[in-house]
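> Respectively, the protein sequence lines represent chains A and B. Everything in the first sequence is counted per numbering that gives the first Met the number 0, starting at 0 for the first residue and increasing by one. Everything in the second sequence is counted per numbering that gives the first Met the number 0, starting at 0 for the first residue and increasing by one. Just so it is clear, CB atoms sit at the ideal spot from N, CA and C, and this is done for glycine as well. Since this is a predicted model, take the numbers as computed values, not measurements. Can you keep this structure in mind? I'll have questions shortly.
There are 2 protein chains.
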Amino acid sequence: MSEITGINSSQIRKDFSYFGAFGKRGVGYPLFGLTEQLKEVMRAGQKWDVALVGVGNIGTALLRYKGFSKRGFNIKLVFDNDVSKIGTKVDNIKIQDIQKMEKCLKDQKINIGIITVPAESAQEVAYKMIGGGVRSILNFAPINIKHPPEVSIKHIDIAIELEKLVYYLF
Amino acid sequence: MSEITGINSSQIRKDFSYFGAFGKRGVGYPLFGLTEQLKEVMRAGQKWDVALVGVGNIGTALLRYKGFSKRGFNIKLVFDNDVSKIGTKVDNIKIQDIQKMEKCLKDQKINIGIITVPAESAQEVAYKMIGGGVRSILNFAPINIKHPPEVSIKHIDIAIELEKLVYYLF
DNA sequence: CCATGTGAAGATCTTCACAGCG
DNA sequence: CGCTGTGAAGATCTTCACATGG
Numbered sequence: 000m001s002e003i004t005g006i007n008s009s010q011i012r013k014d015f016s017y018f019g020a021f022g023k024r025g026v027g028y029p030l031f032g033l034t035e036q037l038k039e040v041m042r043a044g045q046k047w048d049v050a051l052v053g054v055g056n057i058g059t060a061l062l063r064y065k066g067f068s069k070r071g072f073n074i075k076l077v078f079d080n081d082v083s084k085i086g087t088k089v090d091n092i093k094i095q096d097i098q099k100m101e102k103c104l105k106d107q108k109i110n111i112g113i114i115t116v117p118a119e120s121a122q123e124v125a126y127k128m129i130g131g132g133v134r135s136i137l138n139f140a141p142i143n144i145k146h147p148p149e150v151s152i153k154h155i156d157i158a159i160e161l162e163k164l165v166y167y168l169f
Numbered sequence: 000m001s002e003i004t005g006i007n008s009s010q011i012r013k014d015f016s017y018f019g020a021f022g023k024r025g026v027g028y029p030l031f032g033l034t035e036q037l038k039e040v041m042r043a044g045q046k047w048d049v050a051l052v053g054v055g056n057i058g059t060a061l062l063r064y065k066g067f068s069k070r071g072f073n074i075k076l077v078f079d080n081d082v083s084k085i086g087t088k089v090d091n092i093k094i095q096d097i098q099k100m101e102k103c104l105k106d107q108k109i110n111i112g113i114i115t116v117p118a119e120s121a122q123e124v125a126y127k128m129i130g131g132g133v134r135s136i137l138n139f140a141p142i143n144i145k146h147p148p149e150v151s152i153k154h155i156d157i158a159i160e161l162e163k164l165v166y167y168l169f
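Structure, rendered in structure tokens:
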């Protein structure tokens with residue numbers, strides 16, 4: 000596993016140890032036992048409904064991406080504020096009016112959101128999501144989103160990642 | 000700046016201090032002076048040519064995304080191995096045969112690459128990029144890419160980011 | 001008095017080294 | 001002897017607290 004992931008073996012052992020002792024000293028980890036334990040720890044098998052806001056380039060790519068379902072994520076609700084997009088479908092998911100978002104999120108009890116709108120509207124969208132009960136947000140807008148401590152936000156900024164890489168060129 | 004970014008103010012001061020003393024004690028930072036210094040540190044204004052491989056959902060989204068040029072990145076070369084895509088254009092950039100990549104990269108002295116191919120071919124693409132002189136790679140394929148120490152790789156896996164968010168739901 | 005700059009302290013993350021056990 | 005599990009050491013990152021100087 001260390002070789003495959005590039006992660007130090009003692010790091011892997013330590014990470015496992017936080018959740019229990021899955022192996023036998025002197026012997027190794029049982030293939031089946033370990034995978035079962037890890038699946039449970041990572042809640043694999045469980046399905047997560049997700050709401051996505053902003054059907055632009057990145058939003059559309061995420062909607063079409065088939066890799067999420069394998070990992071247990073299902074983009075169930077999609078919103079935009081563009082009237083020319085509302086009502087149309089992308090990969091069989093209907094784009095709804097963002098005005099309806101808060102209610103829809105509550106009705107369907109969705110607590111994971113993805114923001115792929117321009118920076119200007121990202122904060123407002125985030126507040127609406129949080130108002131609808133979302134507690135975890137993946138944000139692609141290049142802006143820091145203010146949020147209460149009980150909400151967690153991950154920020155992916157591809158340009159920033161490129162800039163970090165440029166740094167290492169020297 | 001602390002309020003806007005959500006970063007502790009002493010962290011910001013310390014970060015600045017690694018590159019010099021940009022402010023005056025008791026007074027503050029001069030707006031112009033600080034921005035100029037930071038631009039230089041971050042090499043803003045400089046343009047970076049980038050090669051992208053894999054014109055699928057994410058690759059296409061990145062090609063169409065207008066935000067890169069503002070940050071100094073220009074996707075100059077695009078490659079794929081799909082004959083139905085080679086020769087066509089996305090946003091005025093011609094998709095080229097991946098077989099030509101190594102030579103093109105050398106000719107144009109490009110040292111930043113973006114990988115948006117399926118996991119199966121990512122390692123091979125990375126080796127070809129490195130062979131062509133690329134020293135920084137942004138990888139979207141869900142796989143750890145082996146690479147020599149002089150090459151730096153950033154891995155963006157959107158499903159993993161979602162999984163991390165799920166963790167915080169509990 | 002105020003805001004920067006920075007050693008020191010504190011927190012966190014990673015690696016080492018070896019005890020424990022089959 | 002080999003591989004796991006883990007305390008301790010080491011490295012790194014973040015925050016504190018205050019000296020410094022306008």
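#1: Could you give the C-beta distance for A/Ala158 and A/Pro141, rounded to a whole number, given that I count them as a contact under 8 angstroms?
#2: Cα separation between A/Arg134 and A/Ile111?
#3: So A/Leu62 and A/Leu76 are in contact, right, with Cβ under 8 angstroms, and what is the actual spacing, rounded?
#4: Identify, in the order they occur along the chain, each residue of the same chain with its Cβ nearer than 6 angstroms to the Cβ of B/Lys153, setting aside the five sequence neighbours on each side.
#5: Determine the DSSP secondary structure at B/Ala140, reduced to helix, strand or coil.
#6: What residues in its chain sit with their C-beta under 8 angstroms from that of B/Gln45, if we drop five residues either side in the sequence?
#7: Using a beta-carbon distance below 8 angstroms, is B/Gly19 in contact with chain A?
#8: So which residues of chain A does B/Gly5 contact, with C-beta pairs closer than 7 angstroms?
#9: Between A/Thr59 and chain B, is the shortest Cβ-Cβ distance under 8 angstroms, so that the two count as touching?
#10: Within this structure, are the beta carbons of B/Leu33 and B/Phe18 separated by less than 8 angstroms?
#11: Are the beta-carbon atoms belonging to B/Ser16 and B/Ser8 less than 8 angstroms from one another?
#12: Quick check on the DSSP output: the beta strand (DSSP E) that includes A/Asn73 runs from which residue to which?
#13: May I ask you to report which of helix, strand or coil DSSP gives B/Gln95?
#14: For A/Leu137, which residues in chain B fall below 8 angstroms Cβ to Cβ?
#15: I need the boundaries of the alpha helix (DSSP H) containing A/Val124, first residue and last residue.
Concretely, from the data shown:
#1: Within the first sequence, residue 158 of chain A is the residue found at index 159, counting from 1. Within the first sequence, residue 141 of chain A is the residue found at index 142, counting from 1. Contact holds; Cβ gap of about 7 angstroms.
#2: If you number the first sequence from 1, residue 134 of chain A lands on position 135. If you number the first sequence from 1, residue 111 of chain A lands on position 112. The alpha-carbon atoms of A/Arg134 and A/Ile111 are separated by roughly 6 angstroms.
#3: Your numbering for residue 62 of chain A matches position 63 in the first sequence. Your numbering for residue 76 of chain A matches position 77 in the first sequence. Contact between A/Leu62 and A/Leu76 fails: their C-beta atoms lie close to 11 angstroms from each other, not under 8 angstroms.
#4: In the second sequence, residue 153 of chain B corresponds to position 154, counting from 1. Only Leu137 meet the Cβ criterion.
#5: Sequence index remark: in the second sequence, residue 140 of chain B carries index 141 (1-based). Of the three classes helix, strand and coil, the one that applies to B/Ala140 here is coil, per DSSP.
#6: On the second sequence, residue 45 of chain B is found 46 positions in, with the first residue counted as 1. Gly71.
#7: Here residue 19 of chain B refers to the residue found at position 20 when the second sequence is read from its first residue. So no, B/Gly19 is outside the interface.
#8: In the second sequence, residue 5 of chain B corresponds to position 6, counting from 1. Those within 7 angstroms of B/Gly5 in chain A are Asn143.
#9: By one-based count along the first sequence, residue 59 of chain A stands at place 60. At a cut-off of 8 angstroms between C-beta atoms, A/Thr59 counts as an interface residue with respect to chain B.
#10: Numbered from its first residue, the second sequence carries residue 33 of chain B at position 34. Numbered from its first residue, the second sequence carries residue 18 of chain B at position 19. Their beta carbons are not under 8 angstroms apart, which means B/Leu33 does not touch B/Phe18 by this criterion.
#11: Taking the first residue of the second sequence as 1, we reach residue 16 of chain B at position 17. Taking the first residue of the second sequence as 1, we reach residue 8 of chain B at position 9. Against a cut-off of 8 angstroms, the Cβ pair of B/Ser8 and B/Ser16 comes out as no contact.
#12: Numbered from its first residue, the first sequence carries residue 73 of chain A at position 74. Unbroken beta strand (DSSP E) run through A/Asn73: Phe72 to Asp79.
#13: Taking the first residue of the second sequence as position 1, residue 95 of chain B is located at position 96. B/Gln95 falls in the strand class under three-state DSSP.
#14: Locating residue 137 of chain A in the first sequence gives position 138, counting from the first residue. Those are Ile157, Glu160, Leu161 and Leu164, listed as they occur along chain B.
#15: Indexing the first sequence from 1 puts residue 124 of chain A at position 125. Looking at the DSSP string, the run of the alpha helix (DSSP H) that includes A/Val124 is Ala118 to Gly130.
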